[in-house]
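First residue of the sequence shown? That's 63 in this note's numbering, and the numbers climb one at a time after it.
Glycine included, every Cβ here is placed at the ideal spot set by N, Cα and C.
No experiment lies behind these values; they were computed from the predicted model shown.
Report on one structure; see the data block that follows.
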Amino acid sequence: MASGDVATTDRRAAGRATGVAEVRRCATMLREAMARFDPAVLLARDAMELVSVFCEIERMGTAGKGLAAKRMSEAPRPLKEKGYRDPADFLARTTGDALGVLATADALDGLDRAAEAFRTGHLSPREAKAVAGAARAN
Numbered sequence: 063m064a065s066g067d068v069a070t071t072d073r074r075a076a077g078r079a080t081g082v083a084e085v086r087r088c089a090t091m092l093r094e095a096m097a098r099f100d101p102a103v104l105l106a107r108d109a110m111e112l113v114s115v116f117c118e119i120e121r122m123g124t125a126g127k128g129l130a131a132k133r134m135s136e137a138p139r140p141l142k143e144k145g146y147r148d149p150a151d152f153l154a155r156t157t158g159d160a161l162g163v164l165a166t167a168d169a170l171d172g173l174d175r176a177a178e179a180f181r182t183g184h185l186s187p188r189e190a191k192a193v194a195g196a197a198r199a200n
C-alpha cells in the first residue's frame, strides 16, 4: 500500500470513529429534545428563534446527507451487499430525492468555500446550487 493510501485509510478510519458516532449522538440529543418540545409554552420571541435554529439544523442535515451520498456513490459496494441496485436506488428509497441530493453535492465539487458554507448550514441546497452555477459560469 502506498503512503498516500495509508493516509487516506487513516483519515477515513478517523472519520468513521468520530463522524458517524458524533452525528448519531447529535441526532439522539435532538430526538430527546423534540420529545420534550411543547410549543404551547414558548414565548413568541423564543418560537421565532427556534424557527431559525430548526432551519439551520435542516440545512446542515441536507448538507450532510448530500455529502455522504456523494461519498457513498463513489464506493457503492456496501449498497449492493444490502440489496440496492445503485446509489440512486438507495437514495430514492431513503430520501425520495436521489437526483437532487447527489446533484447538490456534485455541484460543489472543487468549490471549497461554498462546500464549507453548505456543510455548516450557511447555504441552503438552493443557494448552494446557485453559487455553484455562478462559479462555473465564471
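Counted as a single uninterrupted DSSP element, the stretch harbouring Ala102 is not any alpha helix (DSSP H), since DSSP gives it neither H nor E. Shown here for Gly183: same chain residues with a beta carbon closer than 6 angstroms to its own, the five before and five after excluded, namely Glu118, Arg121, Met122 in chain order.
Boundaries of the alpha helix (DSSP H) around Ala192: 187-199. The stretch 126-186 contains, as complete alpha helix (DSSP H) runs of 4+ residues, the segments 139-143, 149-156, 160-169, 174-181 (chain order).
The alpha-carbon separation between Ala106 and Val82 amounts to approximately 35 angstroms. Within the same chain, and ignoring the five residues on either side of Thr157 in sequence, the residues whose Cβ sits closer than 6 angstroms to its Cβ are Val163. Listed in chain order, the non-local C-beta contacts of Arg98 below 7 angstroms within the same chain number zero, local neighbours out to five positions each way being set aside.
Residue nearest to Gly126 within the set Arg198, Ala192, Asn200, Pro187 is Pro187 (criterion: CA-CA distance). By the criterion of a C-beta distance shorter than 6 angstroms, Phe152 is surrounded in its chain by Leu141, Tyr146, once the five residues flanking it on both sides are discounted. One Cα belongs to Phe180, the other to Asp108, and the distance between them is close to 25 angstroms. Just measuring C-alpha positions, the residue of Asp168, Ala194, Ser114, Leu112 sitting nearest Glu136 is Asp168.
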